[in-house]
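Worksheet for the structure shown next.
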Amino acid sequence: MGLYRENGQRITKAAFPAAAVADPPKHITEDVYQSQPYGLGDGAPEGSRRHLLYQAGTVVLQSEIDRLFTVAAIATVSPAIVTAARSASAAAARTSGSSPS
């Protein structure tokens, strides 16, 4: 058995016409379920109805798995609260006569 191009040229293992993929396929090793709410009155935070999303053995691209999870984002950082707490602690220590920690 041999491998050949359309023009008849033999293909070696080193010259096999394939490219590396930036989005690798992943093999799902166990059943994966997704939860959804029954409706507006469903008390579970992520919903209490579950359905099979991927059956074990399914091949899925990494980008598809990544889309299932929300990306964490920091909206604001507020060091002023820490500074205000330290100032209040220092002021209280001065009035009581002890040193701030």
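For any residue, its number in my numbering is found by taking its place in the sequence shown, counting from 1, and adding 16. Here a beta-carbon is modelled for each residue, glycine too, at the ideal position from N, C-alpha and C.
Can you give the Cα-Cα distance for T64 and P53, rounded to whole angstroms? The question names Thr, but residue 64 is Ser in the sequence shown. Rounded to whole angstroms, S64 to P53 spans 6 Å at the Cα level.
Using 8 Å for Cβ pairs, my map puts I44 next to T74. What's the rounded Cβ distance? Between T74 and I44 the Cβ distance is about 5 Å, and since that is below 8 Å, they are a contact.
Since R21 is in the beta strand (DSSP E), which residue starts that stretch and which ends it? Boundaries for R21: no beta strand (DSSP E) harbours it, and the DSSP string shows neither H nor E there.
Is the beta carbon of Q50 less than 7 Å from the beta carbon of L77? No; because the gap between Cβ atoms is not below 7 Å, this pair is not in contact.
Can you tell which of A30, A38, G24, A107 has its C-alpha closest to the C-alpha of E80? Checking every option, the nearest Cα to that of E80 belongs to A38.
With DSSP run on the structure shown, which of helix, strand or coil describes Q78? Reduced to three states, the DSSP call for Q78 is helix.
From the DSSP output, in three-state form, read off S51 for me. Reduced to three states, the DSSP call for S51 is strand.
Would you please state the rounded distance, in angstroms, between the beta carbons of A30 and E46? I believe it to be under 8 Å. Actually they do not touch by this definition, with Cβ atoms about 37 Å apart.
So who's on the other strand from R110, going by DSSP bridges? In the DSSP secondary-structure assignment, R110 is not bridged to any residue.
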